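Residue numbers (full-length UniProt numbering): 1 to 287.
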């Protein structure tokens, strides 16, 4: 379940972040691109997983959680390294995209290693079922997917434009809006999928979803957003955003690896840290 959450579910729920950050970069609002990806990691960990742990503490698969956590921490370190000169360029994005390939490969190996025989059986069943499917049904799925993708791109454009207007109206940096309001909006799929997972007692999917989404926010969202335009690393990112992001990941990862369980106390601490982060930004730029 953790593998499922870290692959299919996380890829699906991270699409809004990718489209919003990519549209923002293409439109020249590059601070919003990084703000959305970093803000989503903070929101996913502090708010979403904080709520999950608070509502329903659960045990985790230590080996799987450890491997995904290591990949996440490596991704964070790579982000800091490529941005140490003050910006993330299209050439820096190559490093992150290579990490994306490594992440996808490790997921593939995990699936193959866990249940190779079962996977072969499922593959045979899928083939049989597919041969029975009507062409019209396949086309219907393709059309629905295409329409959904177009709507997501249009929605992302509207969200970015609205974020720019809000920033101008309040007289605050665009990055702040993307770190808070937009990041919260694009993290809603993670919130819904994670809460649905714990309701159905599939806790591993919820934590796998967040770990996978956080990795993808760095190696996919940030990487592809840096291709149209270089993404600047602001002093605020270094002084506030990165420390809060790293702090939340430490609160999540270290106790969980040690005890093989996500505790309610962790959830409370992550929620509290997220609130402190939002309050800090509020007093810095609003008051």
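Heads up, the beta-carbon is just placed ideally off N, CA and C, and yes, glycines get one too.
Quick caveat, the model's predicted, so the values are computed rather than measured.
Per-residue DSSP class, three states only, for residue i
| i | result |
| --- | --- |
| residue 262 | strand |
| residue 232 | strand |
| residue 16 | helix |
| residue 227 | coil |
| residue 84 | coil |
| residue 89 | coil |
| residue 39 | helix |
Of the listed residues the options, nearest to residue i (C-alpha basis)
| i | options | result |
| --- | --- | --- |
| residue 64 | 108, 80 and 57 | 108 |
| residue 70 | 254, 281, 276 and 172 | 254 |
| residue 29 | 68, 226 and 76 | 226 |
| residue 102 | 180, 142 and 74 | 74 |
| residue 285 | 148, 183, 260 and 240 | 240 |
| residue 194 | 157, 214, 206 and 141 | 206 |
| residue 15 | 178, 153, 251 and 177 | 153 |
| residue 98 | 277, 215, 237 and 44 | 215 |
| residue 20 | 162, 61 and 260 | 162 |
Assumed close pair residue i, residue j - CB separation to whole angstroms, cut-off 8 Å
| i | j | result |
| --- | --- | --- |
| residue 170 | residue 72 | Not quite, the Cβ-Cβ distance comes to about 33 Å (not below 8 Å), so this is no contact. |
| residue 155 | residue 31 | The pair is not a contact, with the Cβ atoms about 20 Å apart (cut-off 8 Å). |
| residue 219 | residue 100 | 4 Å |
| residue 242 | residue 81 | Between residue 81 and residue 242 the Cβ distance is about 12 Å, and since that is not below 8 Å, they are no contact. |
Neighbourhood of residue i by C-beta distance below 7 Å, restricted to the same chain and skipping five residues each side
| i | result |
| --- | --- |
| residue 268 | 54 |
| residue 279 | none |
| residue 245 | 38, 41 and 42 |
Same chain only: Cβ atoms within 6 Å of residue i, ignoring 5 sequence neighbours per side
| i | result |
| --- | --- |
| residue 273 | 46 and 248 |
| residue 83 | 233 |
| residue 203 | 58 |
| residue 24 | 32, 33 and 160 |
Same chain only: Cβ atoms within 8 Å of residue i, ignoring 5 sequence neighbours per side
| i | result |
| --- | --- |
| residue 191 | 47, 48 and 51 |
Residue i CB to nearest heavy atom of the ligand ADP below 7 Å
| i | result |
| --- | --- |
| residue 22 | Of ligands this structure carries none, so the ligand ADP is not represented either. |
Runs of alpha helix (DSSP H) lying entirely within the stretch 147-225, each at least 4 residues, in chain order: 174-177, 183-186, 188-199 and 203-216
Ranges of the alpha helix (DSSP H) found wholly within the stretch 41-77, counting only runs of at least 4: 50-55
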